[in-house]
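Notes for the one structure printed next.
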Amino acid sequence: MCFLRHVVLPSACSKPGPVSGGGFPMSPMRSVPQCMPAVLRAHRPSRPSFFALIVLRADGVWCCADGRTMLSRSRMATIFGGVLSEGRMTMISSPMPPRSTGTAHECGGGRAVAVPDRRHVLSFLHRLGFRPGCAGFLSFALFALSCGVFGLAHARDGLAGGVQLPDWKTVEVRAHHLRGPVWYLEGFGGNIGVVVTGRGTVLIDDQYAPLTDKIRAALAEITKDPKPRFIINTHWHPDHTGGNERFAKAGAVVIAHDNTRHHLRAAEFDPEMPELLRPHVESLPIVTFNDTVTFHLDDEEVVAFHIPPAHTDGDVVVRLRDSDVIHAGDACFHGYYPYIDIENGGSIDGLIAFWERLVGGLMDEDTILIPGHGSPMTRADVAAYLADMKSVRGRVAAAMKRGEDLKTLIARHPLADLDPKYESEVVEEADILTMVWRSLERTRTGVRDLGDDHAPPSTHATPAGGH
26 MCFLRHVVLP SACSKPGPVS GGGFPMSPMR SVPQCMPAVL RAHRPSRPSF FALIVLRADG
86 VWCCADGRTM LSRSRMATIF GGVLSEGRMT MISSPMPPRS TGTAHECGGG RAVAVPDRRH
146 VLSFLHRLGF RPGCAGFLSF ALFALSCGVF GLAHARDGLA GGVQLPDWKT VEVRAHHLRG
206 PVWYLEGFGG NIGVVVTGRG TVLIDDQYAP LTDKIRAALA EITKDPKPRF IINTHWHPDH
266 TGGNERFAKA GAVVIAHDNT RHHLRAAEFD PEMPELLRPH VESLPIVTFN DTVTFHLDDE
326 EVVAFHIPPA HTDGDVVVRL RDSDVIHAGD ACFHGYYPYI DIENGGSIDG LIAFWERLVG
386 GLMDEDTILI PGHGSPMTRA DVAAYLADMK SVRGRVAAAM KRGEDLKTLI ARHPLADLDP
446 KYESEVVEEA DILTMVWRSL ERTRTGVRDL GDDHAPPSTH ATPAGGH
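Numbers in my numbering are just positions in the sequence shown, counted from 1, shifted up by 25.
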């Protein structure tokens with residue numbers, strides 16, 4: 026998937042202004058300088074909304090369409106003709122939060138076009154659980170483009186004739202045994218924890234609805250009862266909760282933190298949430314808690330506890346006492362820079378505090394940790410990850426202390442030594458720098474007293490379920 030920071034536009038431009046084309050309006054933008062690209066703050070309503078698809082047709086005419094138009098293939102064909110089949114460059118903007126910035130360009134006729142920062146596109150992909158190289162990454166991104174949801178991409182030959190949904194038939198759900206009654210399933214989205222007991226099976230997260238049958242098939246290989254009794258959601262993101270509805274209709278009880286239910290309920294009524302990912306009332310957790318819940322099962326004591334805002338403000342960590350296994354959800358990644366969902370309460374300091382608690386007592390040398398994404402981790406793995414991410418935070422905080430702006434920080438590539446270990450197409454250096462910057466900017470915690478390589482010490486007590 027090739028994402029573009031900006032697109033090359035015609036050099037002949039007149040005075041910029043609100044964008045419209047073919048009778049289909051776009052959100053009005055503030056005037057921008059004649060030079061391009063330039064940083065632009067969009068003049069827009071308080072809630073996120075769509076911009077539009079911008080295409081250079083074969084006849085050299087720049088065209089645009091709003092989100093509603095993009096849902097109609099016939100209207101798209103009328104406006105854009107054969108441009109998609111010709112493999113020409115296309116561009117579609119993503120929903121942008123209020124007060125966010127993008128790159129401003131001037132296109133034919135002197136109209137200003139705001140291109141969202143690349144991080145908005147990739148962060149949305151990340152929230153859906155897509156990773157470079159995983160099945161359906163490109164096809165689902167292109168599907169989302171057709172729905173007017175997000176994205177910046179090159180048109181590909183395969184796009185001609187309509188955008189396809191992910192080919193769920195090609196997705197494999199594989200079961201990996203850890204120890205005792207504990208397994209994890211690897212498929213398309215967040216890692217699923219599985220605890221097989223004599224009093225029912227517990228799932229920790231459940232990926233996407235189209236994979237429910239494959240998840241059941243994988244469960245059937247490790248237990249006689251492939252219908253889970255309980256499902257614990259570690260947070261609200263669709264790649265961890267998409268199977269809720271189908272499993273719940275089969276009798277599973279869905280449990281989550283209070284904030285997770287709140288976010289899922291909000292997403293249910295979000296007009297910009299694609300239908301494929303929209304949670305419905307049947308998928309909402311019917312049991313919620315604000316601190317700790319314990320499952321006293323015959324073969325395993327399962328303790329789910331809330332941690333202070335880290336990946337989101339509704340993160341739940343699940344500790345399997347007897348087997349000494351922890352499922353951390355997206356509060357821990359292995360082999361990737363972390364994703365911090367700032368808009369939903371995420372915090373770099375919260376993540377660091379949680380990793381410190383893992384290393385400082387929740388884990389010992391024998392503990393196995395299942396991350397939200399990536400392979401299982403040992404205490405040594407978490408300690409190494411903690412040290413590197415504290416260094417990332419320290420470098421950003423030090424730049425803020427010196428009065429650098431974010432653009433300058435990104436331009437000098439301060440994480441060149443860490444990128445080979447953690448950078449991916451989903452979270453690149455610029456993305457993690459931006460997320461950490463925004464997190465510190467919101468709290469201003471420790472910036473004034475922070476050195477280059479240290480995060481402030483954790484002040485959170487070990488939750489119930491800890492050592």
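C-beta atoms are modelled at their ideal positions from N, C-alpha and C, and glycine is treated no differently.
Where residue i falls: helix, strand or coil (DSSP)
{"i": "THR226", "result": "strand"}
{"i": "THR233", "result": "Checking the sequence, you will find Tyr at residue 233 rather than Thr. TYR233 falls in the coil class under three-state DSSP."}
{"i": "THR266", "result": "helix"}
{"i": "ARG199", "result": "strand"}
{"i": "MET388", "result": "coil"}
{"i": "ARG204", "result": "strand"}
{"i": "ILE257", "result": "strand"}
{"i": "ALA378", "result": "helix"}
{"i": "PHE358", "result": "strand"}
{"i": "VAL407", "result": "helix"}
{"i": "PRO396", "result": "strand"}
{"i": "HIS179", "result": "Reliability fails at HIS179, whose pLDDT of 23 lies under 50, so the model's placement of it is uncertain and the value that follows must be treated cautiously. Three-state DSSP puts HIS179 in a strand."}
{"i": "HIS287", "result": "helix"}
{"i": "LEU465", "result": "helix"}
{"i": "TYR447", "result": "helix"}
{"i": "LEU322", "result": "coil"}
{"i": "PHE272", "result": "helix"}
{"i": "ALA248", "result": "Note on residue identity: the sequence assigns Thr, not Ala, to residue 248. Coil, per DSSP."}
{"i": "THR337", "result": "coil"}
{"i": "VAL452", "result": "coil"}
{"i": "ALA242", "result": "helix"}
{"i": "ILE365", "result": "coil"}
CA nearest to the CA of residue i, picked from the options
{"i": "ILE377", "options": "VAL341, HIS336, SER348", "result": "HIS336"}
{"i": "PRO206", "options": "SER372, ARG271, LEU228, MET425", "result": "LEU228"}
{"i": "GLU197", "options": "GLU270, ARG241, ALA277", "result": "ARG241"}
{"i": "GLU448", "options": "LEU289, ALA291, ILE217, PHE358", "result": "PHE358"}
{"i": "VAL306", "options": "HIS288, GLU454, PHE255, ALA409", "result": "HIS288"}
{"i": "PRO260", "options": "LEU443, ALA273, PHE314, ALA275", "result": "Checking the displayed sequence, the identity of residue 260 turns out to be His instead of Pro. Among LEU443, ALA273, PHE314, ALA275, the Cα nearest to that of HIS260 is on PHE314."}
{"i": "GLU326", "options": "LEU345, VAL221, LYS446, ASP316", "result": "LEU345"}
{"i": "HIS282", "options": "PHE272, LYS426, LEU309, GLU450", "result": "LEU309"}
{"i": "GLU211", "options": "ALA436, GLY428, ILE395, LEU458", "result": "ILE395"}
{"i": "VAL407", "options": "MET425, LEU383, HIS321", "result": "LEU383"}
{"i": "THR248", "options": "THR226, GLY385, SER416, ILE256", "result": "THR226"}
{"i": "ILE257", "options": "ARG427, ALA436, ARG286, SER372", "result": "ARG286"}
{"i": "LYS252", "options": "PRO235, TYR233, ALA275", "result": "ALA275"}
{"i": "THR266", "options": "GLU246, GLY354, MET460, ARG204", "result": "GLY354"}
{"i": "MET414", "options": "HIS262, ILE365, GLY215, VAL342", "result": "ILE365"}
{"i": "GLY215", "options": "ILE311, HIS262, ALA436, MET425", "result": "HIS262"}
{"i": "TYR233", "options": "VAL221, ASP338, GLU246, ILE217", "result": "ILE217"}
{"i": "GLY428", "options": "GLY397, TRP462, THR403, GLU381", "result": "TRP462"}
{"i": "THR237", "options": "VAL342, ALA277, ALA441, THR222", "result": "ALA277"}
Whole-number beta carbon distance between residue j and residue i, since they are thought to touch under 8 Å
{"i": "TRP208", "j": "HIS201", "result": "6 Å"}
{"i": "ASP347", "j": "THR392", "result": "Contact doesn't hold; Cβ gap of about 12 Å is too wide."}
{"i": "ARG224", "j": "ASP323", "result": "5 Å"}
{"i": "PHE272", "j": "ASP231", "result": "6 Å"}
{"i": "PHE379", "j": "ALA356", "result": "5 Å"}
{"i": "VAL417", "j": "LEU434", "result": "Going by Cβ atoms, the distance from VAL417 to LEU434 rounds to 11 Å, so no, they are not a contact pair."}
{"i": "GLU381", "j": "LEU411", "result": "7 Å"}
With 16 other Cβ atoms within 10 Å as the buried cut-off, status of residue i
{"i": "ASP264", "result": "buried"}
{"i": "ASN269", "result": "buried"}
{"i": "PHE213", "result": "buried"}
{"i": "ASP340", "result": "buried"}
{"i": "VAL219", "result": "buried"}
{"i": "SER400", "result": "exposed"}
{"i": "VAL318", "result": "buried"}
{"i": "ARG199", "result": "exposed"}
{"i": "ASP430", "result": "exposed"}
{"i": "ASP456", "result": "buried"}
{"i": "MET439", "result": "Reading off the sequence shown, one finds Pro at residue 439, where the question assumed Met. It counts as buried."}
{"i": "ILE280", "result": "buried"}
{"i": "HIS321", "result": "exposed"}
{"i": "GLY386", "result": "exposed"}
{"i": "ASP338", "result": "buried"}
{"i": "ALA436", "result": "exposed"}
Heavy atom of the ligand GTP within 7 Å of residue i beta-carbon
{"i": "ALA408", "result": "Among the components modelled here there is no ligand, and therefore nothing to report on the ligand GTP."}
So does the stretch 331-339 actually touch the stretch 410-422, counting three or more Cβ pairs closer than 8 Å?
-> Flag = no, the stretch 331-339 and the stretch 410-422 do not touch.
contact_flag[the stretch 235-252, the stretch 359-378] where n(CB pairs < 8 Å) is 3 or more | Short answer: they don't touch.
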